[in-house]
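S.K.:
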Amino acid sequence: MEKAKISGYQLFVLIFLFEMGSALLVPLAGEAKQAAWLVILIAMIGGFLLFFIYYGLFQYYPDQLLTEFVKQILGNFLGRIVAFLYILYFIYLAARVLRDFGDTLLTFAYPHVPLFFANAVFILVVVYTVRKGIEVLARTGELFFVLENLLLMTFMLLIVASGMIHLNNLKPIFEISGTELMKMGFTKSVFFPFGEVIVFLMIFPYLNEPQRLKKIGIGSLATSGIFLAIIMAVNIAVLGVDLTTRSQYPLLTLIQSIEVAGILERLDVYFLFLLMIGGFIKISVFTYVAVTGTANVFNVKQPSRLAYPVGIVILLISIIMASSYTEHIHEGLGAVPRYIHLPFQVIIPLLLLIIAFFKNRKKGRQASK
Amino acid sequence: MNRKRLVPLLMMLIATLFTTGCWDKTELNEMAIVSAVGLDRNKEGKLVGTFQIINPGNVAGALQGGGGTNPPISIYRATGDNVLELDSLASTKISRDMYFAHANLVVIGEELAKEEGLNDIFDAFERSPEFRATTRIVIARGVKARDIVETLTAIDKVSAEKVIKTIETTEKTQGKNISINLQEVIKNLLSTGKEPIISGFTVKGNTGKEDSMENTMSSDIEANPNAVGIGVFKDGKLIDWLDGDKAIGSMWVLDRIESTNLNLDWEGKKDAITYQVIRQKTNVGAKLVNGKPKISIKVRAEGDIREVNVPLNLTDTHVLIDLEKKLAKDVKKEMEVAIVRAQKNKSDIFGFGELMHESHPKEWKKLEKNWDDDTFPKLEVDVQVETFIRRTGLRNKPFLSNLKKKDQ
Amino acid sequence: MKIFGITVLILVPLVVISLGMDILLGFDLDNSIKHAFNPFLVKDPAELILFLILLVFLVFSFFYRKKKKGNTKGQQ
């Protein structure tokens, strides 16, 4: 790991932007219909639980990265393999977000640009940022945080001002039974985006005030969760359930329907900004984490040398992973949560925590003896 | 003054006479800039040339939004036996010398193309230093070439410009036309293994007023030149027109499709789904199988779904695979129809012969003699098409899919 | 050269994962391989040029490390 420190505020900002990233764009928890916002909030609670697992792990090894303490917990050989799997996981997720980003851009703004081209240009910027290190990334995040919030605030104001919100669209809330909603909240929606916060296990050690981590993490998750829930609620209140679920990008449809005072309309550029900011931070975090992780597992002395090759791998995978956007989304909703998110976000960390608990208790006993 | 100084001084004075370089000068106000040339045949079999000349003052006036009462072009006609004669005859009517370097368009009348062919016309154009090799060629279909050259158009004030842009845009967005220039046409005329094809152009709503400003003063322009089909040539003579699907099919084979729309029937509903090709690549290969020439064409295209008028679940990848297969079949059919038509015409517009020449030079010598009349019409052509759907626009399911649910 | 090894080591399992995702969606292996690589079949010239440039840079990045080794060690 590099010698760098980030402040609590910076971590808060990074987690916030990371969570908002691609979750803003897609119809989150769309199958819950009117209660989508509720499901997001339930998923947020699930996110808290996951965060506590990660936080527990962090407390045992406060100055080590995920890829480092895995070796401590599972031994050198097995630890290395698990660490390597995590690197693959992060790169795969980075590629998924990159694909989301590229396809969205092409669908709504530049239909004739080749996907490879759009993705390549974007990943080059990300590679440049990653080479500069976590501190630069965190500072960029601070800048974007202000911009993103300004955008969201004005956008909310405009929606309210245009008088398009029909709260009746949100009724009946409990068309789907409570237990169903709980099930949805604790399965699919928790993995994306809340469970993805596991990547920050590779960033927590840089925090200069580790004692505040719990507050920062929960606070950030809660803020982003509430934001997402509000936006989804507004989506449904304005567009209705049908249009929201049929839209590839409900937020874009929402923004396109804004019309205030005859001049504030066609604000598609709002969506473009949100897309850029969210996508950039999310891919950068994933890439950064993958690069430091790889350097760590393979003992590369200069992680920045790895930034470009990893970037290219992400680019290639983002193209290879699916032949169409439909297939990409189909995978993202079906196979990925079940076969990839579940083990990497829940099962492995939980096992690690249990083993770490016993190992450290033994150690603690030995020390006290 | 001594002699030593005088001699150089004299030499310098004389030199100034010859270094000015104004021997071949033509001032701008002595030039009539020709923007388009139309060539027709009259009843006596003579060549009728129509020259479209730009009125610079009126074009500029129109651009600034002020003028527009006077036409931006003037037309001069001449009748003669060959192209240069037309030039000299026309100059008796024009106060200036005709300048051809900006002539972007040559329009050839359908009769002329059918009966005399192109072979007698192009030498003057090719030989002239002023004329450009990139000059576009179109055929006036159903009308005289002069009708197209004369017509006044809106938006693009100079109609030569309008014709060229229309062809380029239709080729780019639909693939129904081909933008082809003088050099390419001559090259294809010469080649034994490839025949030229040239876009057709016509003026619809011929009211007799298309050459007056009244024509452009109405919002619904009555006489508007528009692109129609592609003309097929054999031995330099126009023999057939390709329209609609056949034109697009030919363009597929020629690898000149940039973007086009494909309509697909779905469950009995006609043209229910529209797919837009965004980019494609066509590879054509020539082989000899047991001494017989064989052509194989492989097309790969990618694009987006743009319109769905049937309840179809586009979130399902298996549905997309079905769609891709059907689309590929449609494209294949389109291409095969175009190829069959070309074989019927005995005109190798796709350049299969040229390809054979490149890959099997020795055998080509034998094949060359009766390629057009015997080998090409019986040629075995194998077409393989793959289409890929990349995106489906801003919606996944069409709203019809939810309408139907409510009906049930 | 080590970086080259790492890159391949990362790339190969990820391609396998991508294929695996397709198979989990109910495609057979043949189809999923087609789906993985058909985005590379239709290329614009500009796209191809960019692809080659990126590849050249990638190869360059594998060797660049060796040359600069002594230099950067001094800086650290």
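Chains as they are written, first to last, in our numbering: chain A, 1 to 369; chain B, 1001 to 1408; chain C, 2001 to 2076.
Positions of the beta carbon are idealized from the N, C-alpha and C atoms, including for glycine.
Exposed or buried, B:P1196, counting other C-beta atoms within 10 Å across all chains shown (16 or more means buried)?
M.R.: Taking the first residue of the second sequence as 1, we reach residue 1196 of chain B at position 196. B:P1196 should be labelled buried.
S.K.: Thinking just about the alpha-carbon of each residue, which of A:K188, A:M321, A:Y61, A:L350 is nearest to the one in A:D103?
M.R.: The residue labelled residue 103 of chain A in the question sits at position 103 within the first sequence. Checked all of A:K188, A:M321, A:Y61, A:L350; the closest Cα to A:D103 is A:M321.
S.K.: Express the C-alpha separation of A:E180 and B:I1248 in angstroms, rounding to a whole number.
M.R.: Here residue 1248 of chain B is taken as the residue at index 248 of the second sequence, counted from 1. Here residue 180 of chain A is taken as the residue at index 180 of the first sequence, counted from 1. One C-alpha to the other measures close to 53 Å.
S.K.: Would a C-beta distance cut-off of 8 Å place B:A1154 and B:Y1099 closer than the cut-off?
M.R.: Reading the second sequence from its first residue, position 154 is the one you call residue 1154 of chain B. Reading the second sequence from its first residue, position 99 is the one you call residue 1099 of chain B. The answer is no: Cβ separation not under 8 Å.
S.K.: Could you tell me which of A:L85, A:L41, A:A290 sits nearest to A:A233, measuring between CA atoms?
M.R.: Within the first sequence, numbered from 1, the residue matching residue 233 of chain A stands at position 233. When only C-alpha atoms are compared, the closest one is A:L41.
S.K.: Taking any Cβ of chain E, which residues in the region 245 to 259 of chain A have a Cβ under 9 Å from it, in chain order?
M.R.: Looking for chain E here will not work: the only protein chains present are A, B and C.
S.K.: Under a Cβ-count criterion, where at least 16 other Cβ atoms within 10 Å of its own Cβ denotes burial, should B:N1029 be classed as buried or exposed?
M.R.: Mapped onto the second sequence, residue 1029 of chain B falls at position 29. Exposed.
S.K.: Could you check the C-alpha separation between A:F155 and A:G262 for me, to the nearest Å?
M.R.: Within the first sequence, residue 155 of chain A is the residue found at index 155, counting from 1. Within the first sequence, residue 262 of chain A is the residue found at index 262, counting from 1. Cα to Cα, the separation comes out at about 16 Å.
S.K.: For B:L1280, go through chain C and note every residue whose CB falls closer than 7 Å to its CB, in chain order.
M.R.: Translated into the one-based positions of the second sequence, residue 1280 of chain B becomes position 280. Inspection of the sequence shows that residue 1280 of chain B is occupied by Gln rather than by Leu. Near B:Q1280 (Cβ distances below 7 Å), the residues of chain C are V2042.
S.K.: Measure the alpha-carbon distance for B:I1198 versus A:V130 and round it to whole angstroms.
M.R.: Here residue 1198 of chain B is taken as the residue at index 198 of the second sequence, counted from 1. Here residue 130 of chain A is taken as the residue at index 130 of the first sequence, counted from 1. Cα to Cα, B:I1198 sits roughly 54 Å from A:V130.
S.K.: Based on DSSP bridge pairs, tell me the residues matched to B:G1080.
M.R.: Here residue 1080 of chain B refers to the residue found at position 80 when the second sequence is read from its first residue. Its beta-bridge partners are B:L1047.
S.K.: For a contact meaning CB atoms closer than 7 Å, what does A:S323 contact in chain C?
M.R.: Numbered from 1 along the first sequence, position 323 holds the residue referred to as residue 323 of chain A. Ordered by position in chain C, the residues that pass the 7 Å Cβ test against A:S323 are H2035, N2038, P2039.
S.K.: DSSP on B:V1310, reduced to helix/strand/coil?
M.R.: Numbered from its first residue, the second sequence carries residue 1310 of chain B at position 310. If DSSP states are grouped into helix, strand and coil, B:V1310 belongs with coil.
S.K.: At the level of alpha carbons, what is the spacing between B:T1435 and B:A1160?
M.R.: Outside the shown range of chain B (1001 to 1408) lies residue 1435 of chain B, about which nothing can therefore be said.
S.K.: Checking 8 Å against the spacing of the C-beta atoms, do A:I236 and A:A36 come in under that value?
M.R.: Taking the first sequence and counting its residues from 1, one reaches residue 236 of chain A at position 236. Taking the first sequence and counting its residues from 1, one reaches residue 36 of chain A at position 36. Yes, these two residues count as a Cβ contact at 8 Å.
S.K.: Does DSSP put B:I1155 in a helix, a strand or coil?
M.R.: One-based indexing of the second sequence puts residue 1155 of chain B at position 155. If DSSP states are grouped into helix, strand and coil, B:I1155 belongs with coil.
S.K.: So, with DSSP's three-state summary, where would you put A:E2?
M.R.: Along the first sequence, read from residue 1 onward, the residue named residue 2 of chain A stands at position 2. It is coil, neither helix nor strand.
S.K.: Check this for me: beta carbons of B:D1373 and B:K1333, under 8 Å apart or not?
M.R.: As a position in the second sequence, residue 1373 of chain B is number 373, starting the count at 1. As a position in the second sequence, residue 1333 of chain B is number 333, starting the count at 1. No, these two residues do not count as a Cβ contact at 8 Å.
S.K.: Using three-state DSSP, classify C:V2008 as helix, strand or coil.
M.R.: Translated into the one-based positions of the third sequence, residue 2008 of chain C becomes position 8. Helix, per DSSP.
S.K.: Can you tell me whether DSSP reads A:N168 as helix, strand or coil?
M.R.: The count along the first sequence starts at 1 and reaches residue 168 of chain A at position 168. Helix.
S.K.: What do you reckon, are the CB atoms on C:L2019 and A:E331 nearer than 8 Å?
M.R.: In the third sequence, residue 2019 of chain C corresponds to position 19, counting from 1. In the first sequence, residue 331 of chain A corresponds to position 331, counting from 1. No, Cβ-Cβ distance for C:L2019 and A:E331 is not below 8 Å.
S.K.: For a contact defined as C-beta to C-beta under 9 Å, what are the partners of A:T292 on chain B?
M.R.: As a first step, residue 292 of chain A is located in the first sequence; it is residue number 292 there, counting from the start. Per Cβ cutoff of 9 Å: no residues; A:T292 is ~34 Å from chain B at best.
S.K.: Check B:Y1275 in the structure and name its three-state DSSP category.
M.R.: Locating residue 1275 of chain B in the second sequence gives position 275, where the first residue counts as 1. Looking at B:Y1275 - three-state DSSP - the assignment turns out to be strand.
S.K.: Give a yes or no on contact between the region 254 to 274 of chain A and the region 157 to 168 of chain A, applying the rule of three or more CB pairs nearer than 8 Å.
M.R.: The region 254 to 274 of chain A, when compared against the region 157 to 168 of chain A, does touch it at the 8 Å Cβ threshold.
S.K.: For A:V136, I'd like the list of residues in its chain whose CB is within less than 8 Å of its CB, leaving aside the five on either flank, ordered along the chain.
M.R.: Here residue 136 of chain A corresponds to residue number 136 of the first sequence, with the count starting at 1. Only T129 meet the Cβ criterion.
S.K.: Are the Cβ atoms of B:I1297 and B:D1245 separated by less than 8 Å?
M.R.: As a first step, residue 1297 of chain B is located in the second sequence; it is residue number 297 there, counting from the start. As a first step, residue 1245 of chain B is located in the second sequence; it is residue number 245 there, counting from the start. In this structure, B:D1245 does not lie closer than 8 Å to B:I1297 by Cβ.
S.K.: Anything in the region 85 to 112 of chain A with a Cβ closer than 9 Å to a Cβ of chain B? List those residues in chain order, please.
M.R.: So the close ones are D103, L106, T107, F108, P111, H112.
S.K.: By the criterion of Cβ-Cβ separation under 8 Å, what are the contact partners of C:L2025 in chain A?
M.R.: Translated into positions along the third sequence, residue 2025 of chain C becomes position 25. E327, H330, E331, G334, A335, listed in chain order.
S.K.: Using only the alpha-carbon positions, how far apart do A:S22 and A:N119 sit?
M.R.: For the purposes of this step, residue 22 of chain A is taken as residue 22 along the first sequence, with counting starting at 1. For the purposes of this step, residue 119 of chain A is taken as residue 119 along the first sequence, with counting starting at 1. Taking the straight line from one Cα to the other gives about 15 Å.
S.K.: Can you give me the start and stop residues for the beta strand (DSSP E) that B:W1266 sits inside?
M.R.: Position 266 of the second sequence, counting from 1, holds the residue named residue 1266 of chain B. Per DSSP, B:W1266 belongs to the beta strand (DSSP E) from 1260 to 1266.
S.K.: When we look at the beta-carbon of C:F2063 and count the other beta-carbons within 10 Å, is it buried (16 or more) or exposed?
M.R.: Position 63 of the third sequence, counted from the first residue, corresponds to residue 2063 of chain C. Flag for C:F2063 reads exposed.
S.K.: Shortest alpha-carbon distance to B:D1211 belongs to which of B:T1387, B:V1007, B:P1072, B:N1370?
M.R.: Indexing the second sequence from 1 puts residue 1211 of chain B at position 211. For B:D1211, the nearest C-alpha among the options comes from B:P1072.
S.K.: How would you label B:K1205, buried or exposed, when you count the other beta carbons within 10 angstroms and need 16 or more for buried?
M.R.: The count along the second sequence starts at 1 and reaches residue 1205 of chain B at position 205. It should be pointed out that residue 1205 of chain B corresponds to Gly in this sequence rather than to Lys. The residue in question, B:G1205, is exposed, as its Cβ has fewer than 16 Cβ neighbours within 10 Å.
S.K.: Would DSSP call B:A1062 helix, strand or coil?
M.R.: As a first step, residue 1062 of chain B must be located in the second sequence, where it is residue number 62. Unreliable positioning characterises B:A1062 in this predicted model, as indicated by a pLDDT of 47, which lies under 50. The coordinate reading is nonetheless provided below. Correct three-state label for B:A1062: helix.
S.K.: For A:F90 and A:A290, which I take to be in contact (beta-carbon distance under 8 Å), what is that distance rounded to the nearest angstrom?
M.R.: Taking the first sequence and counting its residues from 1, one reaches residue 90 of chain A at position 90. Taking the first sequence and counting its residues from 1, one reaches residue 290 of chain A at position 290. That belief holds up - the Cβ atoms of A:F90 and A:A290 are roughly 4 Å apart, short of 8 Å.
S.K.: On the CB-based measure, 16 or more other CB atoms within 10 Å of its CB, does B:P1129 come out buried or exposed?
M.R.: Walking along the second sequence from the start, residue 1129 of chain B turns up at place 129. Its Cβ having fewer than 16 others within 10 Å, B:P1129 is exposed.
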